[in-house]
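Chains as they are written, first to last, in my numbering: chain A, 7 to 344; chain B, 7 to 344; chain C, 7 to 344; chain D, 7 to 344.
Beta carbons are placed, not taken as given, at the ideal position from N, Cα and C, and that holds for glycine.
It should be emphasised that the depicted structure is a prediction, and the values quoted were computed from it without experimental measurement.
4 protein chains.
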Amino acid sequence: MIDIAVIGTGRIGSHHVSALAEDVPAARVVAVVDPAIDRARALAEAHDIPHALPSLDQALDLDALDAVVIATPLPTHRPLIEQAAAAGLHVFTEKPVAATLAEARAAVEAAEAAGVVFQVGFNRRFAEPWAAAHAAVSAGEIGAIHRLHSLTRDPGPFTADPARIPEGTIVRETLIHDFDVISWFMGEARPVAVHTAADALVAPAARAAGFLDTAVVTIRLDSGAIATAEASFSAVYGYDLRGEVFGAGGMVQMGSPVSSGARHYGSEGLRARTAGTDTERFHDSYVAEFSAFCSAIEGEEIADRPTGADGLAAQVLADAALLSHAEGREVLVEELAR
Amino acid sequence: MIDIAVIGTGRIGSHHVSALAEDVPAARVVAVVDPAIDRARALAEAHDIPHALPSLDQALDLDALDAVVIATPLPTHRPLIEQAAAAGLHVFTEKPVAATLAEARAAVEAAEAAGVVFQVGFNRRFAEPWAAAHAAVSAGEIGAIHRLHSLTRDPGPFTADPARIPEGTIVRETLIHDFDVISWFMGEARPVAVHTAADALVAPAARAAGFLDTAVVTIRLDSGAIATAEASFSAVYGYDLRGEVFGAGGMVQMGSPVSSGARHYGSEGLRARTAGTDTERFHDSYVAEFSAFCSAIEGEEIADRPTGADGLAAQVLADAALLSHAEGREVLVEELAR
Amino acid sequence: MIDIAVIGTGRIGSHHVSALAEDVPAARVVAVVDPAIDRARALAEAHDIPHALPSLDQALDLDALDAVVIATPLPTHRPLIEQAAAAGLHVFTEKPVAATLAEARAAVEAAEAAGVVFQVGFNRRFAEPWAAAHAAVSAGEIGAIHRLHSLTRDPGPFTADPARIPEGTIVRETLIHDFDVISWFMGEARPVAVHTAADALVAPAARAAGFLDTAVVTIRLDSGAIATAEASFSAVYGYDLRGEVFGAGGMVQMGSPVSSGARHYGSEGLRARTAGTDTERFHDSYVAEFSAFCSAIEGEEIADRPTGADGLAAQVLADAALLSHAEGREVLVEELAR
Amino acid sequence: MIDIAVIGTGRIGSHHVSALAEDVPAARVVAVVDPAIDRARALAEAHDIPHALPSLDQALDLDALDAVVIATPLPTHRPLIEQAAAAGLHVFTEKPVAATLAEARAAVEAAEAAGVVFQVGFNRRFAEPWAAAHAAVSAGEIGAIHRLHSLTRDPGPFTADPARIPEGTIVRETLIHDFDVISWFMGEARPVAVHTAADALVAPAARAAGFLDTAVVTIRLDSGAIATAEASFSAVYGYDLRGEVFGAGGMVQMGSPVSSGARHYGSEGLRARTAGTDTERFHDSYVAEFSAFCSAIEGEEIADRPTGADGLAAQVLADAALLSHAEGREVLVEELAR
């Protein structure tokens with residue numbers, strides 16, 4: 007049994023507390039940590055969790071804490087990772103690893119230095135369609151890869167205030183998943199160059215302020231393969247994650263916006279439900295990534311577990327994509343090398 | 007080039023004139039025949055057809071007539087088949103062969119005696135999904151057949167006057183296609199017993215008059231396989247033909263109500279068009295059955311061409327199904343033997 | 007928290023122990039009960055369950071037991087239900103309720119007399135496609151129901167010894183799910199007549215001994231609607247549960263043999279995985295039915311929870327279907343009335 | 007009836023002769039033109055076409071010629087268009103209009119000056135899924151467009167000799183269809199910038215010679231919308247044309263590699279056929295484009311008929327895409343202005 011403190015009780019943090027407490031047999035949530043202590047307490051009570059604490063400091067005083075799950079705002083990732091690692095705790099962090107590439111590198115190094123298990127929240131690797139497709143591609147089923155495509159569209163309509171969303175969020179926090187999918191499928195191949203086309207189309211009034219809600223990123227790999235990643239903040243038909251990998255010997259596709267196994271036929275034709283959010287549609291993949299995290303802590307080798315290196319690889323692509331957008335040109339990945 | 011007179015200019019006859027004149031290179035329509043001579047003339051004119059005639063008698067006077075295509079009301083089938091066959095013309099007749107099993111037997115015998123090519127309008131055999139599925143089943147892909155299911159739903163809403171529809175039409179004219187599909191897929195196996203559940207559900211007010219608009223027929227075959235055929239006069243989502251054949255080694259499915267290759271996603275979910283009538287959705291299969299008819303006349307062996315024997319096999323099942331309904335019991339096919 | 011003893015540690019009992027212990031937050035498994043005490047102990051140990059006991063008698067001595075989940079061979083259902091109900095325990099029993107209709111009626115009466123919550127394991131009601139389709143039909147989306155079809159095919163190839171399978175199992179234990187689906191969707195309509203076509207096609211050598219592995223049952227309802235239920239013991243492509251409900255205003259379909267969200271394309275065409283067993287493919291529905299059971303015990307009204315009356319309704323159809331098969335005739339449901 | 011000379015008897019020319027002669031009632035093919043006169047004669051004979059001629063010169067001597075259909079190698083397009091237009095003939099040319107943008111502009115101007123009907127072979131506009139999707143988008147069903155994606159994969163395995171394929175063919179002759187789809191769906195919006203990632207992945211040995219067989223082109227439009235077009239010379243699963251248009255109010259998708267309406271299920275899972283070439287899979291769209299051409303000649307307004315302006319718009323994108331590849335940078339469309 008792995009004793010875990012979950013830090014952060016926002017939308018995704020609340021989901022993670024519930025998923026870990028109710029659906030991951032190998033995990034025991036012993037503390038919910040958030041300076042918004044009332045929210046932490048309510049969540050702890052709802053799931054019979056012994057402690058609700060305002061900060062990681064207090065959690066470190068608990069006996070028998072094994073690991074933390076970080077689901078806090080991005081600027082806090084690095085200090086929390088470093089603090090937890092320094093205390094010998096295993097670390098699961100929501101993506102991306104940290105607010106900047108430099109901070110991410112420092113955080114990953116801290117975890118490595120501490121010798122703890124480190125995992126990044128690239129849950130798409132644990133979703134059945136992606137895992138099955140990856141197994142097929144790894145087994146050589148489609149031969150040499152020529153094309154990869156990965157897509158993320160958040161459910162709409164978009165109602166947030168663009169002014170409250172940090173610049174580059176669609177690249178740093180949304181496309182980061184697609185960058186990881188591409189890296190994961192590509193195996194040994196390395197990205198060489200990145201080109202971005204991005205704009206504010208969902209919220210065009212925010213364009214002048216630099217807001218981006220729609221993006222297409224093209225990545226050339228040293229194998230010759232060409233990858234594309236695309237995202238939108240507003241799919242009115244619901245959460246839409248898809249991927250396609252095409253090679254010399256065939257193609258695999260994964261994902262569909264359709265969210266129900268019931269099909270309806272009426273005078274308007276066929277209809278099928280597509281609505282749903284990430285935590286509704288991909289709950290199983292979150293549970294699976296936490297199970298993998300626990301297994302890794304227990305010493306098991308988990309083949310496709312996203313490590314610090316994976317987190318950095320995706321973050322390099324995010325930085326390259328944002329640089330490409332800023333400078334209106336194709337960017338070489340080596341420009342991002344330290 | 008096969009010179010053909012098309013007899014009958016109703017909905018399906020008009021379609022056949024057009025299909026033969028425009029889309030079957032091997033066929034030349036030389037006459038449109040209908041006592042409603044104005045309709046025949048209009049159709050002939052629209053398709054540059056030389057003759058519009060009130061009856062088959064006049065058509066027989068034409069030089070160089072090779073064949074007739076019969077698309078007239080059911081009671082006229084037998085005399086027309088016999089007259090054409092006696093004149094040495096090849097005969098294509100819409101299903102069923104004739105109004106009664108006895109008449110159908112007489113008509114098929116007349117065609118056989120005359121040595122002409124005889125074909126029944128079981129166009130579903132020529133629809134790509136059915137042909138592909140049949141090829142797979144014939145090749146042994148699913149092993150021994152355990153179950154067959156064939157379904158026909160006419161596009162709704164149903165607006166006809168039930169009083170003007172002959173009793174048993176859903177069995178004799180609609181399910182006849184499904185009976186042929188079942189016989190065709192079963193190959194050597196013979197039907198043994200038939201059970202019908204049928205009712206007036208679309209037009210319940212007509213139930214007292216014996217009208218039927220919804221039917222499920224179960225057929226036991228001597229191989230042990232169990233077949234079901236079902237039909238409805240009113241699918242509000244459009245024409246719906248489907249089939250499923252299940253065996254020891256797998257399953258094939260054919261058909262779908264979806265009629266468009268475009269998929270729409272909106273706040274209501276996925277939508278795809280399903281509307282369409284038989285002549286819209288299955289035009290290609292009509293063209294293919296006429297091409298097969300022409301090829302057979304030119305001496306080619308056409309493996310799956312529905313012959314007189316096929317027409318009778320389906321009509322025996324129709325009679326058995328109606329007898330089962332009338333007497334509320336399972337009927338043995340041998341009861342229908344002469 | 008509902009304290010539960012699970013009785014029976016066969017394939018489905020083991021699954022239920024795991025599902026209840028790990029995935030149903032409202033439930034606590036306090037005892038695993040089986041005369042095969044080693045199996046009970048292993049299972050208890052694997053899931054941190056305090057007690058492994060040889061019989062319900064010992065379980066009744068435990069403090070704080072709220073309910074039993076019965077997953078034992080069919081002949082033991084009635085005595086266990088009666089014993090548990092007499093002790094004031096709530097009862098969840100795998101389907102069917104009991105070995106005979108008379109026993110089932112006695113068991114349901116015992117539970118009613120004791121005033122305990124009683125639920126039958128018709129988990130298909132809790133599978134997302136079926137629940138969504140039922141909601142649509144209940145909301146009137148397809149208007150008056152004309153046709154219902156429900157299908158169950160167990161994953162093959164079939165390797166069991168037919169001699170060890172009780173006669174009529176495909177009807178009593180497999181089609182019972184389909185009978186419940188039909189009853190559930192039909193709402194107020196009552197079954198009137200039942201016709202069965204069944205045979206030994208998977209294991210034809212066992213035909214002489216009365217074994218059945220393939221069945222199609224046609225049910226006429228007093229609304230006029232016609233239902234069909236079909237089953238096979240051996241689908242080589244994996245577990246296959248499907249349903250279709252067709253009415254005056256449209257159609258809903260539920261289920262698919264496809265078990266993966268990844269699609270593969272190669273020189274052989276499109277491929278998608280279909281393999282899987284009930285507990286793999288429908289695990290979520292088992293968890294949901296147990297959650298509903300716990301909620302009902304806690305006093306909540308659960309609209310579609312399958313009650314004793316539902317269990318009896320399905321079992322009446324099973325008896326009618328077997329009688330139809332035995333006597334080779336359509337059977338009236340009223341023949342089964344007490 | 008439109009009297010047509012078809013020029014060119016290669017793979018696509020032969021198809022067009024057959025399609026026009028057999029399947030387009032409004033057209034009459036009066037001459038097949040090819041310096042390979044034996045091939046022209048064989049084709050003419052097969053379809054009862056009166057004339058087989060070595061060059062357009064001879065065809066111009068025929069009485070009553072209304073139009074030409076050009077399906078010759080690209081360098082001959084411009085002179086043939088100009089000669090036909092000068093003779094007052096309507097012109098249908100396979101895509102692209104001409105070998106270079108300058109030549110294409112000259113050819114289109116010649117046709118305009120002559121006042122003849124001019125049409126480019128962008129048959130995808132006439133394929134049912136694309137036409138249906140375009141109608142939905144034009145009707146505002148998905149609101150403002152944010153993203154367009156169009157894909158063309160030729161059936162593989164690729165067996166041609168790269169040395170015999172002109173440089174840039176995948177852009178000029180394959181992606182030209184996708185460029186037209188994008189332009190057509192975008193309506194009033196104009197392309198602003200183009201970025202290409204392309205490589206020789208199917209035939210990597212030809213990379214050094216500048217051969218390209220895989221390409222992804224990103225196009226920014228002045229509406230803000232971002233389009234991508236991609237192509238490959240070798241899809242081992244068969245011809246694959248697809249598209250997706252995403253907007254503020256939803257999404258439409260068109261096309262699928264699946265080429266059969268039969269689905270097969272076996273121990274390996276679901277299978278469906280995908281093989282097929284353009285002329286097999288998209289025959290109906292060729293027939294429809296020729297029918298539209300004939301209707302336009304007869305004076306009808308055909309809304310989505312691809313005109314000379316459409317041909318030039320696509321060719322500008324092709325030139326921009328090739329320039330982007332050559333110079334390794336994003337290219338502004340205005341750079342291609344004359």
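Starting from M257 of chain A, find everything on chain D with Cβ-Cβ shorter than 9 Å and list it in chain order. R159, A241, V242, Y243, D246 and P263
Who are the Cβ neighbours of G127 of chain C in its own chain at under 6 Å, not counting the five residues just before and after it? E100 and K101
Given a threshold of 16 other Cβ atoms within 10 Å of its Cβ, counted over all protein chains shown, does R170 of chain A qualify as buried or as exposed? So R170 of chain A counts as exposed.
Three-way DSSP call (helix, strand, coil) for Y292 of chain B in this model: helix
Less than 7 Å separating the beta-carbons of A254 of chain C and D228 of chain C? No, the Cβ-Cβ distance between A254 of chain C and D228 of chain C is not below 7 Å.
Contact set between E134 of chain D and chain B, taken where Cβ atoms lie within less than 7 Å: S266 and G267
What beta strand (DSSP E) runs, 3 residues minimum, are completely inside the stretch 243-278 of chain C? Here the runs fully enclosed are 246-253, 256-260, 268-272 and 275-278.
Okay, do the stretch 41-53 of chain C and the stretch 296-304 of chain C touch, 3+ Cβ pairs below 8 Å being the bar? no
Can you list, in chain order, the residues of its chain with a C-beta nearer than 6 Å to that of D160 of chain D? Leave out the 5 residues immediately preceding and following it. Taking D160 of chain D as the centre and dropping the five residues before and after it, the same chain places the C-beta of F239 closer than 6 Å to its C-beta, in chain order.
Cα-Cα separation, I87 of chain C to A215 of chain C: 32 Å
Suppose the cutoff is 6 Å on Cβ atoms and the five residues either side in sequence are ignored; what does the same chain contact list for R397 of chain B look like? Lying outside 7 to 344, the shown extent of chain B, residue 397 of chain B is not represented and no answer is given.
Give the straight-line distance between the Cα atoms of A319 of chain D and A112 of chain A, rounded to the nearest whole angstrom. The C-alpha of A319 of chain D lies about 50 Å from the C-alpha of A112 of chain A.
Check whether the Cβ of L154 of chain B lies closer than 7 Å to any Cβ atom in chain C. no
Other residues of its chain near L328 of chain C: CB distance less than 6 Å, five sequence neighbours each side excluded: G174 and V177
Can you grab the Cα-Cα spacing for the pair A139 of chain A / E286 of chain C, in whole Å? Their backbone Cα atoms lie some 19 Å apart in a straight line.
Would you kindly work out how many angstroms separate the C-alpha atoms of L323 of chain D and I182 of chain D, rounded to a whole number? 8 Å
Answer yes or no: does any C-beta atom of chain B fall closer than 7 Å to that of R277 of chain C? no
Taking all protein chains shown into account, decide if S144 of chain D is buried (16 or more other Cβ within 10 angstroms of its Cβ) or exposed. exposed
Can you check the stretch 167-245 of chain D for any beta strand (DSSP E) of at least 3 residues that lies completely inside it and give the ranges in chain order? 197-205, 220-227 and 232-241
Say whether chain C places a C-beta atom closer than 7 Å to the C-beta of T220 of chain B. It does; some Cβ of chain C falls within 7 Å.
What is the DSSP secondary structure of A326 of chain D, reduced to helix, strand or coil? Assignment of A326 of chain D by DSSP, reduced to helix, strand and coil, places it in the helix class.
Which class does D9 of chain D belong to by DSSP, given the choice of helix, strand or coil? Here DSSP, grouped into helix, strand and coil, assigns D9 of chain D to strand.
Quick one: give me the first and last residue of the beta strand (DSSP E) that I151 of chain D is part of. I151 to P161
List the residues of chain C whose Cβ lies closer than 7 Å to the Cβ of A237 of chain D, in chain order. Ordered by position in chain C, no residue passes the 7 Å Cβ test against A237 of chain D, which lies about 16 Å from the chain.
Are the stretch 199-212 of chain C and the stretch 331-341 of chain C touching, with three or more C-beta to C-beta distances below 8 Å? yes
So, are the CB atoms of A209 of chain B and P263 of chain B less than 7 Å apart? At a Cβ-Cβ threshold of 7 Å, A209 of chain B and P263 of chain B do not count as neighbours.
Partner residues on chain C for R226 of chain B, Cβ-Cβ distance less than 7 Å: A203
Of the residues B:G230, B:R47 and B:T224, the one placed nearest A237 of chain B, counting alpha carbons only: B:T224
Below 7 Å between beta carbons: does that hold for D29 of chain D and A70 of chain D? no
Buried or exposed: which applies to D67 of chain D, given that a residue is buried once 16 or more other Cβ atoms fall within 10 Å of its Cβ? Its Cβ having fewer than 16 others within 10 Å, D67 of chain D is exposed.
Per-residue contacts from P31 of chain A into chain C (C-beta, under 7 Å): E28
The alpha helix (DSSP H) spanning T285 of chain B covers which residue range? D284 to R287
Delimiting residues of the alpha helix (DSSP H) encompassing I87 of chain D: H83 to A92
Comparing the C-beta of T280 of chain D with each C-beta of chain C, is any distance below 7 Å? Chain C places a beta carbon closer than 7 Å to that of T280 of chain D, counting this residue as a contact.
Residue interval of the beta strand (DSSP E) (run including H96 of chain D): It spans H96 to T99 - the beta strand (DSSP E) in which H96 of chain D sits, taken as one unbroken run.
Helix, strand or coil, according to DSSP, for V143 of chain A in the structure here? Three-state DSSP puts V143 of chain A in a helix.
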